[in-house]
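To start, the structure itself, in structure tokens.
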Amino acid sequence: MWEEVPSSQQEQRLQELLRASGRLPRHVAIIMDGNGRWAQERGLPRVEGHRQGMRSVQEVVQVAVQLQIPYLTLYAFSMENWRRPQSEIAALMWLLRHYLQQELPRLQRHNIRLRAIGKLNALPRRVQNMLRQAIRQTEHNTGLTLTLALSYSGRWDIVRAVQMIAIDVRRGKLSPEDITEETFAGYLMTHELPEPDLLIRTSGEMRLSNFLLWESAYAEIYISERYWPDFRRCEFYRALVDYLRRERRFGMTSEQLGRTPNPQHDVTELHALVDAVASLSAL
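Residue numbers in the sequence shown follow the numbering used here, run continuously in steps of one, and reach 392 at the last position.
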């Protein structure tokens with residue numbers, strides 16, 4: 110079991126200000142990209158990038174818990190990832206088993222509820238069993254809801270929802286005239302989650318990669334140039350501070366919403382604190 114990163118006075122102050130803002134996202138979704146390139150640029154096997162990426166997962170989860178962010182969804186393995194070399198897939202499945210086994214006590218200790226979305230029956234049987242056990246053991250936890258997108262595809266989930274709706278219409282349980290956006294969303298695998306407020310993608314790539322396509326219609330998007338293994342707690346703070354600078358209007362005007370953006374000096378103070386925390390982390 111890894112040791113949690115202790116918080117400095119600067120980091121504690123940063124967290125206090127972020128929580129006090131009242132504007133942190135309820136749901137953060139992350140496309141964790143760049144593990145393989147991180148390893149290749151260092152002359153290491155691709156699996157080492159995935160291994161180091163696990164540390165980033167641990168740090169981001171820790172910060173989400175400390176900031177009392179209710180929902181965190183991580184794009185861990187896409188349906189397209191099944192096309193990768195078998196050796197890399199095997200290593201990824203081993204890392205997933207290792208994570209579930211080693212992190213379960215931490216999930217319990219911090220009241221984290223684990224969920225999973227995707228075509229889970231495509232995963233190896235051993236992974237399915239461990240995942241099912243971890244979900245069952247944490248289902249009554251009331252803190253952070255951590256959702257892993259595994260063997261997931263946004264298009265697949267949309268098609269699946271359409272098929273289920275068609276079945277219910279054919280059985281007379283649902284009328285076509287009664288189908289609304291809310292009805293449709295209720296058939297998605299994410300129906301228990303609020304729509305993501307902030308979607309983060311690492312590695313500098315600017316695409317959704319088939320992730321939460323329906324759900325991300327109004328999400329604020331943040332692109333980090335860092336590869337995922339380098340996206341640690343300070344980079345997560347930077348994404349959250351950037352989010353606070355934004356004004357979400359959902360098609361309306363600021364006057365209609367009665368909102369104004371955060372004062373720039375508040376954001377400047379937050380940026381300074383993030384830089385201070387980053388400097389201490391580098392020591």
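Positions of the beta carbon are idealized from the N, C-alpha and C atoms, including for glycine.
Express the C-alpha separation of residue j and residue i in angstroms, rounding to a whole number.
i           : j           : result
residue 291 : residue 323 : 11 Å
residue 314 : residue 332 : 7 Å
residue 228 : residue 116 : 38 Å
residue 337 : residue 164 : 10 Å
residue 169 : residue 345 : 7 Å
residue 387 : residue 343 : 6 Å
residue 219 : residue 213 : 10 Å
residue 150 : residue 274 : 47 Å
residue 135 : residue 192 : 33 Å
residue 384 : residue 351 : 14 Å
residue 330 : residue 357 : 12 Å
residue 129 : residue 376 : 13 Å
residue 184 : residue 267 : 17 Å
residue 348 : residue 140 : 13 Å
Using the three-state DSSP reduction, which class does residue i fall into: helix, strand or coil?
i           : result
residue 170 : helix
residue 312 : coil
residue 372 : At residue 372, the pLDDT of 46 sits below 50, so the modelled position is not reliable; the number obtained from the coordinates is stated separately. Looking at residue 372 - three-state DSSP - the assignment turns out to be coil, as it is neither helix nor strand.
residue 244 : helix
residue 136 : strand
residue 352 : helix
residue 110 : At residue 110 the pLDDT is 38, less than 50, meaning the model places this residue with poor confidence; the figure from the coordinates comes in the next sentence. In this structure, residue 110 counts as coil in the three-state DSSP scheme.
residue 336 : coil
residue 130 : helix
residue 284 : coil
residue 256 : strand
residue 261 : strand
residue 321 : coil
residue 307 : strand
Under DSSP, the beta strand (DSSP E) around residue i begins and ends at which residues?
i           : result
residue 117 : Unbroken run through residue 117: none, as it is neither H nor E.
residue 224 : 222–226
residue 186 : 180–187
residue 327 : Premise fails: residue 327 is in no beta strand (DSSP E) and is neither H nor E.
Might you give, ordered along the chain, the residues of its own chain that have their beta carbon closer than 6 Å to the beta carbon of residue i, omitting 5 neighbours on each side?
i           : result
residue 231 : 260
residue 389 : 117
residue 161 : 338
residue 182 : 138, 256
Thinking C-alpha only, which one of the options is nearest residue i?
i           : options            : result
residue 378 : 167, 125, 254, 284 : 125
residue 252 : 270, 147, 178      : 178
residue 216 : 191, 189, 248, 196 : 248
residue 289 : 270, 305, 135      : 270
residue 341 : 320, 226, 167      : 167
residue 304 : 311, 312, 294, 196 : 294
residue 250 : 224, 272, 283      : 224
residue 198 : 221, 174, 236      : 236
residue 176 : 234, 153, 184, 131 : 131
residue 142 : 317, 280, 286, 281 : 317
For residue i, collect the residues of the same chain with a Cβ closer than 7 Å to its Cβ; drop the 5 residues on either side in sequence, then sort them by chain order.
i           : result
residue 201 : 159, 186
residue 209 : 239, 240, 243
residue 265 : 188, 228
residue 359 : 327
residue 123 : 346, 379, 382, 383, 386
Within the continuous alpha helix (DSSP H) that includes residue i, where are the two ends?
i           : result
residue 201 : 195–218
residue 290 : 290–294
residue 360 : That residue, residue 360, is in no alpha helix (DSSP H); it is neither H nor E in DSSP.
residue 146 : 144–149
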